[in-house]
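Throughout, this note's numbering is defined as the position within the sequence shown, counted from one, plus 14.
C-beta: ideal position from N, C-alpha, C; glycine also.
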Amino acid sequence: MFTLTHTTGQHAQPPVCIFKNFMDCRPSTFSGTEGAVGLLHWFEKLESVFEMCECPEARRVKYATGTLEGIALTWWNAQVQILGLAAANATPWEDFKELIKREYCTRDDIHKLEVELYHFVDDGVRD
Numbered sequence: 015m016f017t018l019t020h021t022t023g024q025h026a027q028p029p030v031c032i033f034k035n036f037m038d039c040r041p042s043t044f045s046g047t048e049g050a051v052g053l054l055h056w057f058e059k060l061e062s063v064f065e066m067c068e069c070p071e072a073r074r075v076k077y078a079t080g081t082l083e084g085i086a087l088t089w090w091n092a093q094v095q096i097l098g099l100a101a102a103n104a105t106p107w108e109d110f111k112e113l114i115k116r117e118y119c120t121r122d123d124i125h126k127l128e129v130e131l132y133h134f135v136d137d138g139v140r141d
């Protein structure tokens, strides 16, 4: 699909993940209307893509936010206005995940997921 490493002489250059390579891996988009499960699936898909294209931590938020749409993109643009573009893009991936979860994964959503999981596990024990 694409080449991530480049060699010069006897020394291999470290892999370079550029945005085109990231997008070639077809990451999911997130619009903010998918609910808690949709947000968690978006995280999972992005983290898989990060691994495939060897995306460094320093680029993860910048690349991930390139897949935001609709109200989620509007939310991110507000964060950029508050923090400044460089600081917003420099947010560590795990911190970004917590930030966006606070916005799109309410306590009610988490409670519903816990109840569903409880019933799923309980039903599995009875079978």
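| Asked | Found |
| --- | --- |
| Own chain partners of Thr81 with C-beta closer than 6 Å, once the 5 adjacent residues on each side are dropped | Pro41, Thr43 |
| Three-pair Cβ contact test at 8 Å for the region 88-97 versus the region 48-63 | no |
| DSSP beta-bridge partners of Leu82 | Phe44 |
| Neighbour-count burial assignment, Lys34, 16 or more Cβ in a 10 Å radius | exposed |
| Val68 - containing alpha helix (DSSP H), residue span | According to the sequence provided, residue 68 is Glu. The question's Val does not apply to it. Run containing Glu68: none; DSSP gives neither H nor E here. |
| Counted within 10 angstroms of its Cβ, other Cβ atoms place Ala72 as buried (16 or more) or exposed | exposed |
| Residue range of the unbroken alpha helix (DSSP H) whose run includes Ala101 | 99-103 |
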